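Okay, so here's the structure we're looking at.
Residue numbers (this note's numbering), protein chains in the order written: chain A, 1 to 99; chain B, 100 to 314.
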């Protein structure tokens, strides 16, 4: 049977809107959960040790090899140390931008 | 009629089905609008290729995003005989808004565990949408099924799909066929390919007939 009683308010569209917009909420929840998972990066694994050094070979233009040698001569730092400092600094900077 | 091709999973062939149905509907003399709600815009790109290649059966196409999709489509409904909505492969405001105004909904799935796991979400969404849109008739359509007769994953999937009380499994089955990809590349439907793939044409025509009750 139809309900023909007078009502004080217009029928609300809210439940439909709530249903539709719940997709956004679900996406936000999902993004939040995903970001929680993504916070654990490979280098944060408990088995990764900061005192372990591994070799990573890079091919550089001859010009830069000579520039590194030049810096080494001027600063009395080893070429290894110069390159390591520059690379680690830049890598940390890029990673923080990507997070 | 408003036909929604949607689902919670990407890569199940929604755009392929939507574009084929739209082109076939136009070829059969109907006034159709293809609504692309996927931000990837694949259906729109398909339609653009069609226009660029001067294919005579022109498929009108529009991209629409946001929670007002329902109101926009209702407006289009007064100007087009049929509307086919290609909703992207995720739960979105567009998918939900389309479910509120659609007459028919097809959820393409592959007969894989990952696809089937997403169906409980769709099943729940349909249950909620039907409160606002009781006329919505949802079907699951097994798509991209293997052509290898020795693999019985479809039968397995069919038995699992019976667990969803709001989803009816279509009797149809679309198989993974190269001609769908060839057609998409040229902005065509499989029935328009120069070199006919009879099996693909038979499958898609059966689907067309089921959707538009054009038997």
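Ideal placement from N, C-alpha and C gives every residue a C-beta, glycine not left out. All figures in this text were calculated on a predicted structure; none of them were measured in a lab.
Check whether the Cβ of residue i lies closer than 7 Å to any Cβ atom in chain A.
i: residue 142/B; result: no
i: residue 314/B; result: Because the pLDDT of residue 314/B is 49, which lies under 50, any placement of that residue in the model is unreliable, and the question is left without a value.
i: residue 227/B; result: yes
i: residue 206/B; result: no
i: residue 238/B; result: no
i: residue 166/B; result: yes
i: residue 231/B; result: yes
So is the beta-carbon of residue i under 6 Å away from any non-hydrogen atom of the ligand FAD?
i: residue 47/A; result: Summarising the ligand content, the structure contains no ligands, and the ligand FAD is consequently not present.
Between residue i and residue j, which are expected to be in contact by the criterion C-beta below 8 Å, what is the C-beta distance as a whole number of angstroms?
i: residue 124/B; j: residue 311/B; result: 7 Å
i: residue 288/B; j: residue 118/B; result: 7 Å
i: residue 161/B; j: residue 134/B; result: 6 Å
i: residue 169/B; j: residue 108/B; result: The Cβ separation is near 23 Å, so there is no contact.
i: residue 207/B; j: residue 104/B; result: 7 Å
i: residue 172/B; j: residue 182/B; result: 6 Å
Count the other C-beta atoms from every protein chain shown that fall within 10 angstroms of the C-beta of residue i, then say buried if there are 16 or more, exposed otherwise.
i: residue 279/B; result: buried
i: residue 43/A; result: exposed
i: residue 195/B; result: buried
i: residue 70/A; result: exposed
i: residue 307/B; result: buried
i: residue 102/B; result: buried
i: residue 52/A; result: exposed
Using a Cβ-Cβ distance under 7 Å, would residue i count as near chain B?
i: residue 26/A; result: yes
i: residue 20/A; result: yes
i: residue 1/A; result: Caution applies to residue 1/A, whose pLDDT of 49 falls short of 50 and renders its modelled position unreliable; the value that the coordinates give is listed next. No, because no Cβ of chain B sits closer than 7 Å to the Cβ of residue 1/A.
i: residue 65/A; result: no
i: residue 82/A; result: no
i: residue 71/A; result: no
i: residue 40/A; result: no
> Of the residues that make up the stretch 257–286 of chain B, which ones have a beta carbon closer than 7 Å to any beta carbon in chain A?
Replying inline: The residues in question: there are none.
>> Can you pull out the residues from the stretch 186–197 of chain B whose beta carbon lies closer than 9 Å to at least one beta carbon of chain A?
In response: Closer than 9 Å at the C-beta level to chain A, one finds these residues of the stretch 186–197 of chain B: 189, 190, 191, 192, 193, 194, 195, 196.
> What are the uninterrupted segments assigned as alpha helix (DSSP H) that are 4 or more residues long and contained completely in the stretch 177–243 of chain B, given in chain order?
Replying inline: Within the stretch 177–243 of chain B, the complete alpha helix (DSSP H) runs of at least 4 residues are 192–200, 212–231.
> What beta strand (DSSP E) runs, 3 residues minimum, are completely inside the stretch 105–138 of chain B?
Replying inline: The stretch 105–138 of chain B contains these whole beta strand (DSSP E) runs: 131–135.
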